[in-house]
Amino acid sequence: MTTTYDYLIIGSGIAGLYAAILARKHGSVLVLTKGSIDDCNTRWAQGGIAASVGPGDSPEKHLRDTIEAGAGLVDEEAARVLTAEASDRIGDLVSLGVPFDTVHGEVALATEGAHSTPRILHAGGDSTGAHIELTLASVARLEGITVLEHTIATEIVTKPASPLAREVGEGLGVRAIRALDTASGERTTYDCRALILATGGAGQMYLTTTNAEVATGDGIAIAYRAGAEIMDMEFVQFHPTALHLPGVQPFLISEAVRGEGGLLRDANGERFMAAYDERAELAPRDIVARAIRERMLATDSDHVLLDVTHLDPGLVTARFPQIYRFCADNGLDITRVPIPIAPAAHYTMGGVRTNTWGETSVAGLYAAGECACTGVHGANRLASNSLLETVVFACRVIQRTIDSPNGRAEPTPDAGSLRPVPSDAPGAGDVPPLTREALQSLMWRDVGIVRGRDSLTRAASVLAAWQSTPAAPTDRPSQELADLLTCSRLVTEAALAREESRGAHYRDDFPEPREDWRRHLVFRRKEAA
Ligand SMILES: Cc1cc2nc3c(=O)[nH]c(=O)nc-3n(C[C@H](O)[C@H](O)[C@H](O)COP(=O)(O)OP(=O)(O)OC[C@H]3O[C@@H](n4cnc5c(N)ncnc54)[C@H](O)[C@@H]3O)c2cc1C
4 MTTTYDYLII GSGIAGLYAA ILARKHGSVL VLTKGSIDDC NTRWAQGGIA ASVGPGDSPE
64 KHLRDTIEAG AGLVDEEAAR VLTAEASDRI GDLVSLGVPF DTVHGEVALA TEGAHSTPRI
124 LHAGGDSTGA HIELTLASVA RLEGITVLEH TIATEIVTKP ASPLAREVGE GLGVRAIRAL
184 DTASGERTTY DCRALILATG GAGQMYLTTT NAEVATGDGI AIAYRAGAEI MDMEFVQFHP
244 TALHLPGVQP FLISEAVRGE GGLLRDANGE RFMAAYDERA ELAPRDIVAR AIRERMLATD
304 SDHVLLDVTH LDPGLVTARF PQIYRFCADN GLDITRVPIP IAPAAHYTMG GVRTNTWGET
364 SVAGLYAAGE CACTGVHGAN RLASNSLLET VVFACRVIQR TIDSPNGRAE PTPDAGSLRP
424 VPSDAPGAGD VPPLTREALQ SLMWRDVGIV RGRDSLTRAA SVLAAWQSTP AAPTDRPSQE
484 LADLLTCSRL VTEAALAREE SRGAHYRDDF PEPREDWRRH LVFRRKEAA
């Protein structure tokens with residue numbers, strides 16, 4: 004069965020729904036999403052969305068903080084766009100009905116790590132993402148946008164460039180996407196004028212993650228298979244503070260908790276952050292995550308403590324109602340006892356490489372949100388810039404499809420590819436069977452907060468062995484596993500190649516940044532045109 008739309012949008016988080024609402028004015032729109040409409044990372048976002056709307060703040064200051072956090076790899080042009088267009092996009096969200104919190108009639112702005120001034124807008128205290136998702140989903144419904152739930156995109160259909168097109172430098176173009184209805188098992192091909200990937204990140208590569216179950220990197224993997232360029236995959240952000248309780252999912256304890264004065268203590272009750280960074284609890288996430296890991300090893304404990312018991316209980320419950328409730332439901336009154344926490348995989352800085360218009364290296368294929376790599380985060384994302392990135396670049400994607408359709412990002416001349424399975428890789432019989440948990444455990448242990456040549460080489464060869472015996476995915480779990488495997492190989496091979504430490508990528512055998520590595524690693528499938 005084939006159906007044709009002007010805009011085909013994959014994913015119903017903030018990037019997908021916002022793009023759909025804008026696109027609706029310019030043509031027919033279909034949104035495909037593999038779970039229910041609000042099954043996404045967006046609804047779990049807590050801290051908020053960054054924008055320089057406060058007194059004394061400016062896009063220039065926001066730009067400087069973003070560049071500083073990104074450890075030398077931020078694309079300045081993209082970050083300038085991000086910070087300059089922030090207040091207009093916040094205005095759009097307000098017009099659509101997102102109820103940002105206010106104090107005395109003015110928007111309330113919070114502080115988060117590595118922001119030089121309060122500039123984080125939030126809604127419902129720490130329920131920003133839930134409010135955004137709910138608002139966008141109800142606007143999409145009111146506007147009559149069709150959202151096909153429980154439908155997983157599995158493959159991008161491209162049209163190869165003609166010899167003449169190749170001569171003038173034009174490459175692959177997008178024609179359609181194949182998708183599977185996970186309830187009926189029916190497969191459908193959807194033709195489109197513009198295909199927008201808004202499939203989110205790949206946090207499910209890791210055993211401990213704050214990400215939703217749907218964050219399996221599908222868009223990144225299917226784009227790679229279709230010949231699009233993938234960039235910066237070695238940069239995975241580990242959030243320092245996820246709730247650590249036996250049998251309970253690693254629920255995020257927002258950065259904003261430290262912004263309001265929360266203190267980190269080791270298992271013996273001692274504060275330790277000042278020994279690692281002068282910004283102490285408000286140091287960048289990679290520094291805090293590594294410090295916590297070190298203290299956990301030093302105290303032989305699987306967690307440290309985040310203490311808010313010295314803060315006004317009224318402030319804690321009013322500012323963090325979601326966190327307070329979640330902990331209370333699990334037997335923890337955080338106004339009275341410190342919160343046990345440990346780091347968890349949180350954000351995929353890399354993804355499908357785009358230019359500042361969301362164009363990928365394949366004509367007609369666009370990417371927005373966490374699955375895209377615009378370059379604004381560099382090697383380390385500044386807190387609360389990701390929700391902002393989704394709306395700024397989703398808006399530019401739609402603008403581009405109107406002003407200059409079917410364009411593409413200039414290809415990278417020196418893109419590498421995943422190596423074929425190395426000849427010394429263990430045979431499939433010598434590695435454990437491929438399961439989601441086996442993959443997550445491997446990535447957590449060998450490609451986690453601290454990596455090194457030995458652990459990365461081991462992981463690379465196991466991942467390659469798993470990929471050497473591919474079975475055609477037949478359902479959502481097997482499709483997701485195949486996509487996680489592709490993303491994990493991209494992360495591991497990039498991490499192995501990058502012989503330095505920078506931002507979220509820390510190698511114990513190369514603990515310092517190196518000037519000759521102040522560049523991006525881009526992968527493109529070899530067989531692709
Ligand atoms: C716990 C948590 C807290 C966070 N807090 C903040 C914060 O305070 N501020 C901030 O800026 N950022 C925060 N982030 C990051 C931010 O929430 C995400 O980067 C952002 O929401 C991503 O939006 P998205 O639309 O790109 O992806 P998502 O919201 O993850 O949506 C992806 C969508 O794609 C669908 N999908 C995936 N694959 C397929 C497929 N193959 N076929 C069909 N559909 C598919 C999914 O089902 C989902 O609907 C947080 C993240 C987490 C996990």
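Positions 4 to 532 (the numbering used here) are the ones given, in order, by the sequence shown. From the three backbone atoms N, C-alpha and C, an ideal C-beta is built for every residue, glycine too. These figures come from a predicted structure and were not determined experimentally.
One Cα belongs to Val77, the other to Arg492, and the distance between them is close to 23 Å. Between the alpha carbons of Gly38 and Glu136 lies a gap of roughly 14 Å.
Contact between Phe238 and Gly451 is ruled out by a C-beta separation of about 13 Å, above the 8 Å threshold. Around the beta-carbon of Thr357, 16 or more other beta-carbon atoms lie within 10 Å, marking it buried.
Straight across, the Cα-Cα distance linking Cys43 with Val465 is about 29 Å. Leu421 and Pro435 have their C-alpha atoms spaced approximately 22 Å apart. Here DSSP, grouped into helix, strand and coil, assigns Asp68 to helix.
The stretch 104-116 makes no contact with the stretch 27-38, as fewer than three CB pairs between them are under 8 Å. Separation of the CB atoms of Gly57 and Pro121 is rounded to 6 Å, and the pair is thereby assigned contact status at 8 Å.
Not one heavy atom of ligand 1 lies closer than 6 Å to the C-beta of Lys64.
Linking Arg501 to Tyr509 through their CA atoms gives a straight-line distance of about 10 Å.
Between ligand 1 and the CB of Leu255, the shortest heavy atom gap is smaller than 6 Å.
Counting the other CB atoms within 10 Å of its CB gives Asn388 a total of 16 or more, which places it among the buried residues.
Short of 6 Å from the beta carbon of Arg521, and not among the five residues preceding or following it, lie these beta carbons of its own chain, in chain order: Gly75.
Straight-line measurement puts the Cα of Cys195 at about 20 Å from the Cα of His153. With respect to the 7 Å criterion, Arg46 and Gln240 are not classified as neighbours on the basis of their beta carbons. Just measuring C-alpha positions, the residue of Gly334, Asp315, Leu309 and Pro316 sitting nearest Gly250 is Gly334. Sequence-distant Cβ neighbours of Arg454 in its own chain, meaning closer than 6 Å and more than five residues away, are Ala498 and Arg510.
Residues of the same chain with a CB within less than 6 Å of the CB of Ala87, apart from the 5 flanking positions on each side, are Pro62 in chain order. Taking C-beta atoms under 8 Å as the contact rule, Ala397 and Ala22 qualify, at a distance of about 4 Å.
Using a C-beta cut-off of 8 Å, the stretch 359-374 makes no contact with the stretch 247-266, since fewer than three inter-stretch Cβ pairs fall below that distance. Taken from the Cβ of Cys43, at least one heavy atom of ligand 1 lies inside 6 Å. Cβ neighbours of Ala366 within its own chain (closer than 8 Å, five residues either side excluded): Glu173, Gly174, Leu175, Gly176, Val177, Asn409, Gly410 and Arg411. The C-alpha of Phe103 is placed about 8 Å away from the C-alpha of Thr131. Placement of the Cβ of Val217 at a distance of less than 6 Å from at least one heavy atom of ligand 1 is found.
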